[in-house]
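Here full-length UniProt numbering is used: the first residue of the sequence shown is 1, the next is one more, and so on.
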Amino acid sequence: METRRSKQAQTVALNTSKSETSYYTNLLKARDARAIWAKVPRAPYLRGYVHLVLALMSPLLVLWLFRFVVNEEYYLEYTIAFICCIMNFAASATLHYTRWNLNSLDLCLKADYACIFLMIGGSALPTVIAATTDDITVLTTLIQWIGISIGTVGALVFRFVTASPALRVIVYFAAGSPYVRVIYQLYSVKGFLGVFYICMTLVMYMMGGVVYANRAPNPIPKYVGFHEVFHMCCALALVTTFMGNHTITNFMISMS
1 METRRSKQAQ TVALNTSKSE TSYYTNLLKA RDARAIWAKV PRAPYLRGYV
51 HLVLALMSPL LVLWLFRFVV NEEYYLEYTI AFICCIMNFA ASATLHYTRW
101 NLNSLDLCLK ADYACIFLMI GGSALPTVIA ATTDDITVLT TLIQWIGISI
151 GTVGALVFRF VTASPALRVI VYFAAGSPYV RVIYQLYSVK GFLGVFYICM
201 TLVMYMMGGV VYANRAPNPI PKYVGFHEVF HMCCALALVT TFMGNHTITN
251 FMISMS
């Protein structure tokens with residue numbers, strides 16, 4: 001009996017010790033987080049507002065597009081595209097909403113980087129499906145989505161968040177590189193307006209990538225920094241992407 005009581009007392013003491021250790025560890029983490037944030041320059045006041053506005057406007061915009069713009073033959077593709085875009089907007093807006101503690105910041109970064117992969121693959125899905133008319137395009141699209149799936153899972157599971165901005169830009173452009181085949185397909189059937197929109201999208205993303213990797217320019221540091229310029233480039237690229245989706249899907253339908 002005494003031995004059993006002794007073991008119970010030891011167990012209670014051990015659990016109490018673990019609880020206290022966890023408590024003090026969390027205090028230290030919180031203190032470390034505050035110390036780290038204290039050394040980080042305050043972000044411009046408009047940080048994250050581009051994607052926040054897009055996230056809030058998206059439901060109404062999507063309803064309007066389905067009602068007046070989207071062709072019925074591509075409802076599924078557009079649905080996937082819109083879901084991927086809204087997930088990206090929401091993840092980015094959440095990341096930039098406040099100064100998170102270290103664990104929450106890690107989760108927000110992982111979600112943000114993973115959703116960028118989904119955005120790359122999903123936003124232009126209507127165009128890709130419309131332009132997939134031969135075996136090579138099917139193969140490149142399959143390879144792209146395998147890469148995007150690996151990238152999405154990798155961003156969530158592994159330490160992609162610690163990669164340099166330049167490396168992340170290279171990886172994201174590699175994930176979007178199969179779109180070059182789509183340009184060739186459209187050019188071969190004289191879909192020149194669609195080619196123009198895709199090229200404009202690539203230009204806007206390239207400009208955004210250069211700004212992100214170089215962390216410049218910072219036009220109005222207190223309100224609009226390099227990250228806001230990067231977000232604006234991405235937003236403009238999204239506009240040309242969906243203009244291309246609309247133009248290309250209608251063009252390919254008219255060709256059939």
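For each residue, glycine too, the CB sits at the ideal point set by N, CA and C.
Reference residue i; option with closest CA among the options
| i | options | result |
| --- | --- | --- |
| Phe251 | Ala131, Val239, Gly209 and Tyr184 | Ala131 |
| Trp74 | Ala124, Tyr45 and Gly151 | The amino acid at residue 74 is misidentified as Trp; the sequence shows Tyr. Closest option to Tyr74, Cα to Cα, is Ala124. |
| Val50 | Ala90, Val128, Ile150 and Ile83 | Ala90 |
| Met57 | Thr240, Ile150, Gly244 and Ala235 | Ala235 |
| Gln185 | Asp134, Pro126 and Ala55 | Asp134 |
| Ala163 | Ala216, Tyr113 and Ser92 | Tyr113 |
| Val210 | Leu65, His231, Ala81 and Ser104 | His231 |
| Gly154 | Arg215, Leu109, Val180 and Lys222 | Leu109 |
| Ala81 | Ile150, Cys199, Val138 and Pro126 | Pro126 |
Spatial distance of residue i from residue j (CA atoms)
| i | j | result |
| --- | --- | --- |
| Val53 | His246 | 23 angstroms |
| Glu72 | Ile248 | 14 angstroms |
| Gly176 | Cys115 | 14 angstroms |
| Glu77 | Arg168 | 27 angstroms |
| Pro165 | Phe192 | 33 angstroms |
| Val224 | Asn218 | 7 angstroms |
| Phe242 | Leu102 | 36 angstroms |
| Val195 | Gly122 | 18 angstroms |
| Ile143 | Tyr45 | 40 angstroms |
| Leu203 | Thr79 | Checking the sequence, you will find Val at residue 203 rather than Leu. Looking at the two C-alpha atoms, the distance is approximately 25 angstroms. |
| Ile146 | Val128 | 15 angstroms |
| Val239 | Tyr187 | 21 angstroms |
| Asp106 | Asn88 | 16 angstroms |
| Ser104 | Ile220 | 29 angstroms |
| Leu65 | Ile253 | 18 angstroms |
| Ser92 | Arg215 | 17 angstroms |
| Val180 | Phe226 | 28 angstroms |
| Thr137 | Gly244 | 18 angstroms |
Whether residue i touches residue j by CB criterion (9 angstroms)
| i | j | result |
| --- | --- | --- |
| Tyr197 | Cys233 | no |
| Val62 | Ile86 | yes |
| Pro178 | Thr141 | yes |
| Val182 | Met255 | no |
| Gly208 | Ala237 | yes |
| Thr94 | Leu118 | no |
| residue 280 | Ala111 | The first residue shown for the chain is 1 and the last is 256, placing residue 280 beyond what the model contains. |
| Val171 | Phe158 | no |
| Glu228 | Arg47 | yes |
| Ile120 | Ile148 | yes |
| Ala55 | His96 | no |
Residue i - containing alpha helix (DSSP H), residue span
| i | result |
| --- | --- |
| Leu54 | Tyr49 to Phe68 |
| Trp145 | Asp135 to Val157 |
| Ser254 | Phe226 to Met255 |
| Val211 | Phe192 to Asn214 |
| Ser104 | Leu102 to Gly122 |
| Leu76 | Tyr75 to Leu95 |
| Val189 | First-last for Val189: undefined, no H or E at that position. |
| Tyr45 | Per DSSP, Tyr45 belongs to no alpha helix (DSSP H) and is neither H nor E. |
| Ile170 | Pro165 to Gly176 |
| Ile129 | Leu125 to Ala131 |
is_contact[residue i, chain D] using C-beta, thresh 9 angstroms
| i | result |
| --- | --- |
| Thr137 | You won't find chain D in this structure, because it holds only one protein chain. |
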